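To keep things clear, I will list the structure first and then write my remarks on it.
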Amino acid sequence: MTDVLAITEHRRDELRDVSLEMVTAGRDLADQTGGDLHLAVISGDVDDYADQANREGVDVIHTVEYGEEFNHDVYTQAIEQLYAELDPQYLLAPNSVNGLDYAPAVAEGLSLPLVTDVVDLEFEDGLTVTREQYGGKVETTIDVAEDHAAVTIRPAEWAQAEGDGDATIEAFDADIDEGQIQSTVTGYEEVAGGDVDISEADFLISIGRGIDEEANITLIESLVEATDATLSSSRPIVDNGWLPANRQVGQSGKVVTPDVYIAIGISGAVQHVAGMKGADTIVTINTDPNAPIWDLADYGIEDDLFEVVPALIEEFGGEVPDV
Amino acid sequence: MKILVTVKEVAEVEDEFEISGGDIAEQYLEYDLNEWDDYAVEEAVQISEEHDDVEVVTATIGPERAEETVRMALAKGADRAVRVWDDDVESASYLDVEAKAELLAAVVEEEDPDLVLTGVQASDESNGATGVTLAEKIGFEWAAVVNQLDLDIESGVATVHRELEGGVEELTEVESPAVLTIQSGINEPRYASLRGIRQAQSKPLDLKSLEDVGLDADVLESPLAQTDMYEPESEGDATVWSGDPEEEADQLAEFLRDKGVVEG
Ligand SMILES: Cc1cc2nc3c(=O)[nH]c(=O)nc-3n(C[C@H](O)[C@H](O)[C@H](O)COP(=O)(O)OP(=O)(O)OC[C@H]3O[C@@H](n4cnc5c(N)ncnc54)[C@H](O)[C@@H]3O)c2cc1C
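These protein sequences, in sequence, are chains A and B.
Remember, the working numbering sits 1314 above the position in the first sequence when you count from 1.
Remember, the working numbering sits 16 above the position in the second sequence when you count from 1.
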């Protein structure tokens, strides 16, 4: 009743990093509640995943052998049964695309309060979580008045657990009702290939929604040309069809690690940051001093890109287009 | 066939703002149709244009002000709208995911749609959980973060791509009735035409109270309480280049030359 149950995540033969981050978050929470940390590994080569997730701080790992890849109807059933068996206090899942495909259903099925995309967990008399709102401009704290809860944790907020563990590994015999499996994963597709690979570039100039209109992209293209940089973007630019998908930086795009990354008119949403936080030097040009991108920036200009970019192009002897 | 699309009016915050009484002070907020719902509406309208006899109904939880947003969805091609609101909802201390899903479930109960489309998340609260919670509540199948949808109306099977991390998409077949949470970029949302805007004025937009949808105020009670809102302490220590735009550009240019990333 004081235990924490965390659900690991894997995809196409790899345990995903967020699993080890959940070990850190889960251990910390279990220390506060005074309970054990249990992990669940569901589907695929569970023994291999269990080995990899067996880090310092994990008490028990439950393996559920069923199917190969993630299927939410399998996960939902397995987790609900495991929960009934273990009666943990808190259920942790990753706030990943797949986490959000089963955690809300599990919480609903088990009548647990649910809080998503949590960046901090504190336990005193009860659970208090911290999450962001309004695109990361503010944080809120939320008290959970019930003894049990389901929480999805934001990837890359906690460090990955290291040190080898000595958890007991137990096979859990979940009773999966195939009649309840009403969605079938038929395959995977890699997207965003093509001529340029932004993840190889040393110098990226990246453009976001601040550019306002498709026609204005020529302004950035001139800057890119004058500086011999590579052009990349945030998601809305690709969603709008202004640049091809292979230019997108972020969670669902590419992870980039250039020497210099200049983010122009990009707010720094968590899904964008996931793709560029490894850049050596980050520069922002943004009118909003409260935009979360400033948390990462090494240098910045708090001004209108339509004023600064033309001046920059001129600095490097380029042509300033009419926009 | 009937498609229900959930539509939320979201709050956007101005660059400079203040927090008072646990939320951002009203004068710093602007309201708009949630970006992800815009894509969901477009997807539903496109299905209705490709097939005969498809009705698109929007469902919104929101105050009277939200009608402007709802009319926008109607102008883009939805056929009619339901808005759930009353004094009890207005005074709820914290409208959590579960409560929202409960209200939307009551609308589903009345409307009996074959397909429900929601946005992946609302841009203000970013819970990202209402659609899947709703699916579980109403016993529909679901798929989260859908960025491609082919619906076979005869067989009721939706062939979808779910956008995972790192440029990988999962191909999945989902049996309807289903809830699909729609990802941005799935289509190109249209702008409302003048004609559309005019027509929207005469499309039905029904206001329903909790009682109208068969619920009582208990459903609003939440185990969650928001106890604080604050501006996060900046973790950054960015060097800010200041001056007029030429001076700012000059400092950035010098930095790039020093770094050796730009010659000349
Ligand atoms: C499942 C999922 C996956 C996602 N994956 C990705 C991803 O891979 N990559 C990604 O980028 N996003 C992704 N997103 C979207 C992400 O949440 C944000 O919506 C997006 O990153 C916002 O892009 P932006 O910063 O360009 O736009 P906004 O957030 O709108 O920011 C625009 C910025 O421009 C500034 N600005 C405006 N005008 C000017 C001006 N004249 N001069 C200077 N500055 C100006 C504004 O102050 C603001 O900070 C994903 C979302 C979800 C839910």
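All residues carry an ideal CB built from backbone N, CA and C; glycine is no exception.
Note that this is a predicted model, so its numbers are computed, not measured.
| query | result |
| --- | --- |
| Chain B contacts from the region 1414-1442 of chain A (Cβ-Cβ distance under 8 Å) | L1414, D1415, Y1416, A1417, P1418, A1419, A1421, E1422, G1423, P1427, L1428, V1429, T1430, D1431 and T1442 |
| Distance CB(V1505(A))-CB(A1588(A)) smaller than 8 Å | no |
| Delimiting residues of the alpha helix (DSSP H) encompassing Y1416(A) | G1413 to G1423 |
| D244(B) versus L90(B), K18(B), S218(B) and S109(B), residue with shortest Cα-Cα distance | S109(B) |
| Chain-order list of residues whose beta-carbon lies under 8 Å from that of S238(B) (same chain, five-residue window excluded) | A108, S109, Y110, L111, D112, E114 and A115 |
| Beta carbon proximity, E12(B) to chain A, threshold 8 Å | Chain B is shown from 17 up to 280; residue 12(B) falls before or after that span and cannot be answered. |
| Any non-hydrogen atom of ligand 1 within 7 Å of L1545(A) CB | no |
| Inter-stretch contact (C-beta, 8 Å, three-pair minimum) for the region 1576-1594 of chain A and the region 220-238 of chain B | no |
| Alpha-carbon spacing of N1554(A) relative to N1368(A), whole angstroms | 43 Å |
| Reference I1580(A), options I1393(A), D1612(A) and W1608(A), closest by Cα | W1608(A) |
| Proximal chain A residues relative to S139(B), where beta-carbon distance stays under 7 Å | G1449 |
| The region 160-172 of chain B / the region 1430-1442 of chain A touching (three or more Cβ pairs under 8 Å) | no |
| Per-residue contacts from I40(B) into chain A (C-beta, under 8 Å) | Y1448 and V1452 |
| Residues of the region 239-250 of chain B whose Cβ lies closer than 7 Å to any Cβ of chain A, in chain order | P239, L240, A241, Q242, T243, D244, M245, Y246, E247, P248 and S250 |
| Chain A within 8 Å of T76(B), Cβ atoms only | no |
| W1472(A) at chain B interface by Cβ criterion, 8 Å | no |
| Rounded distance between the beta-carbons of V1597(A) and V1574(A), thought under 8 Å | 7 Å |
| Distance, A1344(A) Cα to D1480(A) Cα | 17 Å |
| beta-carbon P1469(A) near ligand 1 non-hydrogen atom, thresh 7 Å | no |
| CB-CB length for T1390(A) against A1419(A), believed under 8 Å | 5 Å |
| Residues near E1616(A) in its chain [Cβ-Cβ closer than 6 Å; skip 5 each side] | P1603 |
| Beta-carbon spacing of V1337(A), A1475(A) below 8 Å | yes |
| Counted within 10 angstroms of its Cβ, other Cβ atoms place L120(B) as buried (16 or more) or exposed | buried |
| Cα-Cα separation, T1532(A) to L272(B) | 21 Å |
| Rounded straight-line distance, which links the Cα of E152(B) to that of T146(B) | 10 Å |
| Test: P193(B) CB closer than 8 Å to a CB of chain A | no |
| Opening and closing residue of the beta strand (DSSP E) in which R1445(A) lies | L1441 to Q1447 |
| Spatially closest choice to L1557(A) from I1576(A), T1571(A) and I1525(A), by CA coordinates | I1525(A) |
| 7 Å CB neighbourhood of D1401(A) in its chain, flanking five on each side removed | M1315 |
| Straight-line gap, G1522(A) to A1605(A) (C-alpha atoms, nearest Å) | 13 Å |
| Cut-off 6 Å between Cβ atoms - residues of its own chain near L290(B), not counting five sequence neighbours on either side | Any property of residue 290(B) remains undetermined from this structure, which presents chain B solely from 17 to 280. |
| Short CB-CB distance (under 8 Å) between T255(B) and chain A | yes |
| is_contact[V57(B), chain A] using C-beta, thresh 8 Å | no |
| Under the three-state DSSP convention, the category W158(B) falls into | strand |
| Boundaries of the beta strand (DSSP E) in which H67(B) is found, first to last residue | Where H67(B) is concerned, there is no enclosing beta strand (DSSP E), given that its DSSP letter is neither H nor E. |
| Alpha-carbon to alpha-carbon, Q1496(A) and E191(B) | 6 Å |
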